[in-house]
DNA sequence: TCATCTACGTCAATAATGCTGTCGTAAACC
DNA sequence: GGTTTACGACAGCATTATTGACGTAGATGA
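Quick look at the structure:
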């Protein structure tokens, strides 16, 4: 990459040696580095699928919906809403587009016929898989570089960052992990 | 080829008939779980600061700018643009608001007087710290729950997910790590 | 010195994604 | 049978992002 003049690395390397303050500083620097990392990793992770989305005229919101519907075939609209934590209106635009374009199907719930259970059509599964593959590349590379124990640590920290509801969701498939639309061919 | 998993939890105790397919399944489930985690962790991490932002009528874009300016006092507008990877126009709205409200100061570059180097004012430092504290709570809790080795693993995986430029940026202060907000307005 | 590039700012228009509030309908529930 | 629930839709608005065009001051090099 071309180095601009106002180079980020040459900011201020003076060191103030105070053991206690230094420890405090290290802790703060550690937390601030985590802020950086969350921003960068999330940015580049989501970017990975953007090329495909763009050529289809879809956005990241569509991708998120496809992802969660694919992973929880037969979920209700309400379930999806509380997973995404957006409003009905925000979702409806996205969902309508996906339905209209044949990526998502709605089937009335059998137990509760007010519900319109969501699932990916074949086209939806195909598209979701294409998007998945892009993000998968990055994640697999990162996992491989980092190694198994690091991945376990990653999992533990990420879990700690998310809130209780999200943790409960993550625990969901622990037993019935294959429930969704599992199985790679 | 790659080590699939460093003994995460055992998703499937029954070492079934098709061990190969099962391994494949585990790998895919692992990647998909990572997608979930990135979404949830990022969502809840960013949400942490929203209350403060809202009462000030600021958004997350303002927070990101404050964060990076605070961490790189004296950076140029161009540097900030390439860090955030947004357009000049997107940044200008945010930056103008921050300057107008007295959170950010611009000083002409000494070497290159076309530049308008950015730094937080005292008010900006105070605000940024309030926002930081909120996110810090979450991260400290997560780090403590997870433990030291897990944090190192987290760091390694996150680094693997981000792109080369971001990694180079992370390596920036490895020695001069104390540069961040050492510059008063 | 003069032409050109660079760093930054701005105007105009548009898109994607989110929000609130309201209303309607069908089905479930007590 | 009245109330709540699940969902859909309309109207309007805010935030954050985009592209493209244009201007200006200052750096830079032939």
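Protein chains in written order, with our numbering: chain B, 4 to 188; chain Y, 4 to 188.
The beta carbon of each residue, even a glycine, is placed where N, CA and C say it ideally should be.
Report the three-state DSSP secondary structure of residue i (helix, strand or coil).
| i | result |
| --- | --- |
| residue 113/Y | coil |
| residue 169/B | helix |
| residue 108/B | strand |
| residue 90/B | coil |
| residue 145/Y | helix |
| residue 156/B | helix |
| residue 51/B | coil |
| residue 60/Y | coil |
| residue 176/B | helix |
| residue 151/B | helix |
| residue 77/Y | coil |
Rounded C-beta distance between residue i and residue j? I'm assuming under 8 Å.
| i | j | result |
| --- | --- | --- |
| residue 77/Y | residue 120/Y | 5 Å |
| residue 94/B | residue 101/B | At roughly 10 Å, the Cβ-Cβ gap does not stay under 8 Å, so residue 94/B and residue 101/B are not in contact. |
| residue 97/Y | residue 65/Y | 5 Å |
| residue 34/Y | residue 143/B | 7 Å |
| residue 55/Y | residue 123/Y | Rounded, the Cβ-Cβ distance is 16 Å, inconsistent with contact. |
| residue 112/Y | residue 118/Y | 3 Å |
| residue 165/B | residue 47/Y | 5 Å |
| residue 169/Y | residue 43/B | 4 Å |
| residue 51/B | residue 141/B | 5 Å |
| residue 63/B | residue 49/B | 6 Å |
| residue 45/Y | residue 45/B | 4 Å |
State the start and end residues of the unbroken beta strand (DSSP E) segment that holds residue i.
| i | result |
| --- | --- |
| residue 123/Y | 119-123 |
Quick one: is residue i buried, meaning 16 or more other Cβ sit within 10 Å of its Cβ, or exposed?
| i | result |
| --- | --- |
| residue 138/Y | buried |
| residue 176/B | buried |
| residue 129/B | exposed |
| residue 74/Y | buried |
| residue 167/Y | exposed |
| residue 174/B | exposed |
| residue 115/B | exposed |
| residue 38/B | buried |
| residue 147/Y | exposed |
| residue 72/Y | buried |
| residue 171/B | exposed |
| residue 59/Y | exposed |
| residue 103/B | exposed |
| residue 57/Y | exposed |
| residue 136/Y | exposed |
Quick one: what's residue i bridged to in DSSP?
| i | result |
| --- | --- |
| residue 193/Y | A question about residue 193/Y goes unanswered here, because the residues of chain Y that appear run from 4 up to 188. |
What first and last residue would you give for the alpha helix (DSSP H) that runs through residue i?
| i | result |
| --- | --- |
| residue 85/Y | 80-87 |
| residue 69/B | 63-74 |
With respect to 6 Å, is the separation between the Cβ of residue i and the closest non-hydrogen atom of the ligand PLP below this value?
| i | result |
| --- | --- |
| residue 94/Y | As far as ligands go, the structure on display features none, and thus does not contain the ligand PLP. |
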